[in-house]
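Since the structure comes first, as structure tokens, the remarks are kept for the end.
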């Protein structure tokens with residue numbers, strides 16, 4: 096039975112943002128081998144170290160979650176403001192929005208989900224331990240924000256991710272204090 100694959104945090108390769116003003120670490124992309132212009136969905140970690148604008152992704156629905164640092168204020172299209180300062184609270188916004196960032200107090204790391212609008216839909220759930228969860232059928236990735244998490248492929252530590260396989264009746268167990276970001280994606284209706 097295929098149990099998926101674990102991505103260890105120390106194996107992730109940093110690459111420049113699409114606009115060259117930051118660094119990202121790709122966790123997963125579909126279809127495999129796609130690039131930033133033709134993916135259906137993409138999950139990544141980004142380091143925000145200064146007041147750089149986000150890259151534009153027209154036709155893409157984005158969700159972002161603060162996972163480390165004090166966070167930042169996002170200004171979308173010069174009018175809407177959102178303070179991304181509470182860890183593990185997803186915020187959704189359109190990829191074509193011009194997003195300016197003002198740091199709240201130093202570098203941060205955030206978790207990102209991008210979905211090609213009209214082709215796929217999904218989102219990010221937050222699971223907290225101690226708990227045991229049945230894996231939803233559309234689970235594609237689980238990221239350990241903190242603590243120890245047991246998956247069908249092995250144990251995750253802080254910063255590790257599990258690329259899920261479609262294993263029937265799979266369960267995940269979170270130790271006390273553990274926090275997981277759970278990405279679900281399926282075809283749009």
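Residue numbers (our numbering): 96 to 284.
Glycine included, every Cβ here is placed at the ideal spot set by N, Cα and C.
Beta-ladder partner(s) of residue i, from DSSP
| i | result |
| --- | --- |
| residue 207 | 139, 159 |
| residue 184 | Beta-bridge pairing links residue 184 to no other residue. |
| residue 253 | Answer is none; residue 253 lacks a bridge partner. |
| residue 216 | 281 |
| residue 191 | DSSP, once it has assigned bridges, lists no residue as partnering residue 191. |
| residue 178 | 168 |
| residue 223 | 274 |
| residue 103 | According to DSSP, which records beta bridges pairwise, residue 103 is partnered with nothing at all. |
| residue 120 | 140 |
| residue 111 | 118 |
Exposed unless 16 or more other CB atoms sit within 10 angstroms - verdict on residue i
| i | result |
| --- | --- |
| residue 211 | buried |
| residue 275 | buried |
| residue 330 | Nothing about residue 330 can be read from this structure; the chain reaches only from 96 to 284. |
| residue 234 | buried |
| residue 239 | buried |
| residue 241 | buried |
| residue 123 | buried |
| residue 201 | exposed |
| residue 179 | buried |
Residues near residue i by beta carbon distance below 6 Å, same chain, minus five either side
| i | result |
| --- | --- |
| residue 107 | 120 |
| residue 268 | 227, 245 |
| residue 220 | 277 |
| residue 114 | 150 |
7 Å Cβ shell around residue i - same chain, five flanking residues per side excluded
| i | result |
| --- | --- |
| residue 271 | 224, 225 |
| residue 153 | 190, 191 |
| residue 100 | 248, 258 |
| residue 282 | 215 |
| residue 230 | 259, 265, 266, 267 |
Contact check, residue i vs residue j, beta carbons under 8 Å
| i | j | result |
| --- | --- | --- |
| residue 252 | residue 243 | yes |
| residue 259 | residue 237 | yes |
| residue 215 | residue 136 | yes |
| residue 197 | residue 148 | no |
| residue 277 | residue 207 | no |
| residue 145 | residue 199 | no |
| residue 218 | residue 279 | yes |
| residue 204 | residue 151 | no |
| residue 162 | residue 185 | no |
| residue 170 | residue 195 | yes |
Rounded Cβ spacing between residue i and residue j (contact assumed at less than 8 Å)
| i | j | result |
| --- | --- | --- |
| residue 76 | residue 118 | Residue 76 is absent from the model: the chain starts at 96 and stops at 284. |
| residue 157 | residue 190 | 5 Å |
Closer than 7 Å: residue i CB and nearest the ligand GDP heavy atom
| i | result |
| --- | --- |
| residue 227 | Judged by which ligands are present, the structure shown has none, so any question about the ligand GDP falls away. |
Within-8 Å CB hit, residue i to chain C
| i | result |
| --- | --- |
| residue 260 | The chain labelled as chain C is not found in the depicted structure, where only one protein chain is given. |
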